[in-house]
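In my numbering, the protein residues as written are 3 to 400. For every residue, glycine included, the Cβ atom is placed at its ideal position computed from N, Cα and C. All values reported here derive from a predicted model rather than from experimental measurement. The structure appears below as structure tokens.
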């Protein structure tokens, strides 16, 4: 049974999972095995809970689909298990534990309306078929909703079926028209949209004409067949405050969070984390791209040259990074430009997970403290291929 709306209380989902709560974990285009904080514990607990379901399924010999559903529910409700579903372009590390994989489509395999950090809405048109049974995310969601609606109607539960109404989408354009273009229209419930109440002006036809330039939201008007957007917010100098003036509020640093400070007291190195320009997100695509994979065979950790010397570490060596929260491995990348006791490790990679040593601390808004932790480093060994094929020149231009 679908639970009721939980309200606007913020939920720390990772801790819910770790503490044995929840029955089903749905991962949509994301991979916490590589990206979340306190990732080692999260991964170990999720693996254990998934195996409870696997064992229950294995023992249900000869069971029908309906009987298997009851078996899975019992394993999750009464035995501590968790059913895991994942939607993604490729099988990722999360698929090692997932019970249900729903293949999604990539831009080019579907018509995609998307916007970036500068509020630029574009239409990327489909130019090829998706492989196999892969479908756009929105149509996967619609099929799930319509299937649940049908099941509730079959059981004469019209009140529950009503919760899943409104997903009669056949195309991506249907979804766009039913969501983005209805935001702020008379009689329509609240829809959170960067377009505000101007989205109705954007049609596929107009976005097609706008091409790669798209339109910057919110939309001001339509001139003929051209969408006129908003290049700069508040260019009239009027802000949505009581006096119409911009407000700049002090944000003093409160110091390191207590769990991070506790690691600092035990370990020498500041383990900063972040992205590399040539690796897209979690390398879900780049793991199949030899140009990237050969360049970065495992997550690198930039470190001070003298620190590396004291540890007996050379460029391309494999090191272990560890603290009270976990342990991970990285490819050493000594640089003169890195300060002593400071390091920078590639975040979210397929081999060597920075999040394994990140604490579980979040602020009052459940915003993770992703960027840093403290840990110790030790040399594990050497990989000749890394030393022969990877460049260890300074990546910085200035």
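Exposure label - residue i; buried when at least 16 CB within 10 Å
{"i": "residue 99", "result": "buried"}
{"i": "residue 230", "result": "exposed"}
{"i": "residue 336", "result": "buried"}
{"i": "residue 171", "result": "buried"}
{"i": "residue 318", "result": "buried"}
{"i": "residue 93", "result": "exposed"}
{"i": "residue 235", "result": "exposed"}
{"i": "residue 243", "result": "exposed"}
{"i": "residue 67", "result": "exposed"}
{"i": "residue 357", "result": "buried"}
{"i": "residue 293", "result": "exposed"}
{"i": "residue 198", "result": "exposed"}
{"i": "residue 190", "result": "exposed"}
{"i": "residue 86", "result": "buried"}
{"i": "residue 248", "result": "exposed"}
{"i": "residue 113", "result": "buried"}
{"i": "residue 368", "result": "exposed"}
Spatial distance of residue i from residue j (CA atoms)
{"i": "residue 241", "j": "residue 220", "result": "15 Å"}
{"i": "residue 19", "j": "residue 41", "result": "12 Å"}
{"i": "residue 267", "j": "residue 47", "result": "27 Å"}
{"i": "residue 280", "j": "residue 348", "result": "11 Å"}
{"i": "residue 302", "j": "residue 322", "result": "11 Å"}
{"i": "residue 316", "j": "residue 115", "result": "47 Å"}
{"i": "residue 17", "j": "residue 55", "result": "20 Å"}
{"i": "residue 3", "j": "residue 352", "result": "Note that residue 3 scores 41 on pLDDT, short of 50, meaning its location in the model is unreliable; the coordinates nonetheless yield the value given after this. The alpha-carbon atoms of residue 3 and residue 352 are separated by roughly 35 Å."}
{"i": "residue 110", "j": "residue 209", "result": "16 Å"}
{"i": "residue 124", "j": "residue 140", "result": "17 Å"}
{"i": "residue 233", "j": "residue 252", "result": "28 Å"}
{"i": "residue 11", "j": "residue 126", "result": "35 Å"}
{"i": "residue 91", "j": "residue 187", "result": "34 Å"}
{"i": "residue 269", "j": "residue 207", "result": "58 Å"}
{"i": "residue 379", "j": "residue 324", "result": "7 Å"}
{"i": "residue 394", "j": "residue 298", "result": "11 Å"}
CB of residue i within 9 Å of CB of residue j, strictly
{"i": "residue 84", "j": "residue 27", "result": "yes"}
{"i": "residue 36", "j": "residue 284", "result": "yes"}
{"i": "residue 343", "j": "residue 271", "result": "yes"}
{"i": "residue 136", "j": "residue 88", "result": "no"}
{"i": "residue 364", "j": "residue 338", "result": "no"}
{"i": "residue 62", "j": "residue 70", "result": "yes"}
For residue i, three-class secondary structure by DSSP
{"i": "residue 122", "result": "strand"}
{"i": "residue 345", "result": "strand"}
{"i": "residue 105", "result": "strand"}
{"i": "residue 218", "result": "strand"}
{"i": "residue 142", "result": "helix"}
{"i": "residue 322", "result": "strand"}
{"i": "residue 88", "result": "strand"}
{"i": "residue 381", "result": "strand"}
Between the stretch 281 to 289 and the stretch 370 to 377, do at least 3 Cβ pairs fall closer than 8 Å?
-> no
Cβ contact (3+ pairs, closer than 8 Å) linking the stretch 148 to 158 and the stretch 128 to 135 | no
Would you check if there are 3 or more beta carbon pairs closer than 8 Å linking the stretch 251 to 266 to the stretch 155 to 167?
-> no
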